[in-house]
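Visitor:
In the numbering used here, the protein residues as written are 35 to 167.
#1: By Cβ distance, which residues of its chain are closer than 7 Å to residue 111, with the 5 residues on each side in sequence left out?
#2: Does DSSP classify residue 93 as helix, strand or coil?
#3: In the DSSP assignment, what residue or residues form a beta bridge with residue 48?
#4: What does the alpha-carbon distance come out to for the pair residue 104 and residue 120?
#5: What are the complete alpha helix (DSSP H) segments, minimum 4 residues, inside the stretch 59–144?
#6: CA-CA distance, residue 135 and residue 37?
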């Protein structure tokens, strides 16, 4: 079984792109504190790269930002690539689900990015007729 469950805060704004096949992908890194401190009393933190695909990727790009807290469930995946003739390996969590949790301590915007401005609604004329229900 390959299942990862993480809760942490984004280390920077997410990077959302579209593949050449038109599939949306969002990448970000979660900072996750360990449950113990080192011999000097300092908290230890792990930085876990996360990849999100398709519609969830679009939502993560819109509503998450540096400092946002989220929960991620998914699987751990390792891939490799060649750079300058040297084989490199990357281990990341491929998200199945991303839950937006709490705002950062200094965001001041209620926790998540607000969607673009919605045009003002126009009032509906009421002709005084009774409703059929």
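Just so you know, even glycine gets a beta-carbon here, dropped at the ideal spot from N, CA and C.
Guide: On the basis of the supplied data:
#1: 126 and 128
#2: helix
#3: Bridge partners of residue 48: none, in fact.
#4: 35 Å
#5: 88–97
#6: Computed Cα separation, rounded: 20 Å.
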